[in-house]
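**Q** This is the structure I want to talk about, given as structure tokens.
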Amino acid sequence: MHELNTQDIQGQELEVQNETRNRLGFFCKYFNDAIDIYIRLIYKIPTNNDLTTARGEYLSQVWYWFYMRIFTFRACFVLWERGYYLEATILSRNLIEVLVRMHYFNHHPDILKTETESLGRPETREKRGTSFKTMFDEIFPGYYHQYKWMFSHFAHGGTGSLIFKADTKSRPKVEVDMGLIFNEDRASGLLNNLSVFVLGYLRFYKKLYPEVTNSLDEGIAKELERIDKKLLDNFEGHIKLKGGENEWHKVSRQIFDL
Numbered sequence: 616m617h618e619l620n621t622q623d624i625q626g627q628e629l630e631v632q633n634e635t636r637n638r639l640g641f642f643c644k645y646f647n648d649a650i651d652i653y654i655r656l657i658y659k660i661p662t663n664n665d666l667t668t669a670r671g672e673y674l675s676q677v678w679y680w681f682y683m684r685i686f687t688f689r690a691c692f693v694l695w696e697r698g699y700y701l702e703a704t705i706l707s708r709n710l711i712e713v714l715v716r717m718h719y720f721n722h723h724p725d726i727l728k729t730e731t732e733s734l735g736r737p738e739t740r741e742k743r744g745t746s747f748k749t750m751f752d753e754i755f756p757g758y759y760h761q762y763k764w765m766f767s768h769f770a771h772g773g774t775g776s777l778i779f780k781a782d783t784k785s786r787p788k789v790e791v792d793m794g795l796i797f798n799e800d801r802a803s804g805l806l807n808n809l810s811v812f813v814l815g816y817l818r819f820y821k822k823l824y825p826e827v828t829n830s831l832d833e834g835i836a837k838e839l840e841r842i843d844k845k846l847l848d849n850f851e852g853h854i855k856l857k858g859g860e861n862e863w864h865k866v867s868r869q870i871f872d873l
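Just so you know, the numbering used here puts 866 at position 251 of the sequence shown, and the rest follows in order with no gaps.
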């Protein structure tokens, strides 16, 4: 019996990548277009020289949050494209956590410094400041349950993560994937979340910097409008595919419907 090795996995990555591009190339195109316009917008964030006020500190921090998500989105895409569905899901948790923090501290810039300082204290998580549940309940009511199941559960090694590598319906003999394989259901589920997240970031940017988006040159403005419509159409198309709006649609819509 041949034992799996890293050379095998590298070959499987390329096979899955080719299959992904053949089957889901439409997503590859519009997602990368969305990240490109996202990057262009970050270059246009106004310089902030005010570090003496809570609002100024928030704007300084939010630039960093926007900038670092370029690489988080890209890493999620690379993992997704090559069949690392669980790993991409775990990493995408960071995208929604940062977005909810950006919204929350936009409402409460005065407590951001306290929250940041508390990260270095040797205390329990419960004592380290505002919980994610509190943030989600204020910013995206009802989404916390989805967050716990879709992201936190998998990130902490919950048994539900078996669905990414094993066919549990074959019990008592559970069949496990030997390496990486293209799975359209797993790939589609993740791309739906990534589409919602990138649309959420783009629309939050527009909300936070209206002076920028209202004065964009015609080319960038039209591209932003095109990407926004494409991402929204993808979401609405998924609702039609499912025969109507389900709970995921209802709570996820808040992420971009600002």
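Ideal Cβ positions, reconstructed from N, Cα and C, are used throughout, including at glycine. Remember, predicted model here, so these are calculated numbers, not experimental data.
Have a look at 765, 828 and 830 and flag the residue whose alpha-carbon is nearest the alpha-carbon of residue 801.
**A** That would be 765, whose Cα lies nearest to the Cα of residue 801.
**Q** CB-CB under 7 Å to residue 748, same chain, minus the five flanking residues each way: which ones, in chain order?
**A** If we look at residue 748 and ignore the five residues flanking it on each side, its Cβ neighbours are 759.
**Q** How is the alpha helix (DSSP H) around residue 845 delimited, first residue to last?
**A** Its alpha helix (DSSP H) spans residues 833 to 856.
**Q** Could you compute how far the alpha carbon of residue 729 sits from the alpha carbon of residue 814?
**A** Taking the straight line from one Cα to the other gives about 29 Å.
**Q** May I have the straight-line CA-CA distance separating residue 822 from residue 618, to the nearest angstrom?
**A** Near 53 Å, if we compare the C-alpha coordinates of residue 618 and residue 822.
**Q** Does DSSP classify residue 872 as helix, strand or coil?
**A** Looking at residue 872 - three-state DSSP - the assignment turns out to be coil, as it is neither helix nor strand.
**Q** Whose CA, out of 698, 634, 820 and 856, lies closest to the CA of residue 843?
**A** Ranking the options by Cα distance to residue 843, first place goes to 820.
**Q** Quick test of the definition: if touching needs 3 or more C-beta pairs under 8 Å, does the region 661 to 678 touch the region 694 to 708?
**A** Result no; under three Cβ-Cβ pairs closer than 8 Å.
**Q** Nearest by alpha-carbon distance to residue 626: which of 796, 712 and 757 is it?
**A** Closest option to residue 626, Cα to Cα, is 796.
**Q** Do you know offhand how far residue 740's Cα is from residue 637's?
**A** Note that residue 740 scores a pLDDT of 47, beneath 50, so its modelled location is shaky; the value from the coordinates is reported in the next line. Cα to Cα, the separation comes out at about 44 Å.
**Q** Over what stretch of residues does the alpha helix (DSSP H) that includes residue 658 continue unbroken?
**A** Run containing residue 658: none; DSSP gives neither H nor E here.
**Q** Please state whether the Cβ-Cβ distance between residue 696 and residue 622 is less than 7 Å.
**A** Going by C-beta atoms, residue 696 is not nearer than 7 Å to residue 622.
**Q** Look at the alpha carbon of residue 828 and the alpha carbon of residue 713, and state the distance between them as a whole number of angstroms.
**A** Using only the alpha carbons, I get a separation of about 22 Å.
**Q** With residue 687 as the anchor, note down where its alpha helix (DSSP H) starts and where it stops.
**A** First-last of the alpha helix (DSSP H) with residue 687: 669 to 696.
**Q** In the DSSP assignment, the alpha helix (DSSP H) including residue 749 goes from what residue to what residue?
**A** Note, residue 749: alpha helix (DSSP H), 747 to 754.
**Q** Measuring only the C-alpha atoms, how far is residue 681 from residue 862?
**A** Looking at the two C-alpha atoms, the distance is approximately 28 Å.
**Q** Report back the beta-carbon spacing between residue 645 and residue 837 to the nearest angstrom; my notes put them in contact at under 8 Å.
**A** Contact doesn't hold; Cβ gap of about 15 Å is too wide.
**Q** Between the C-alpha atoms of residue 742 and residue 620, what's the straight-line distance to the nearest angstrom?
**A** The predicted position of residue 742 is uncertain, since its pLDDT is 49 and thus under 50; a value taken from the coordinates is nonetheless stated next. If I take the Cα positions, the gap works out to 44 Å.
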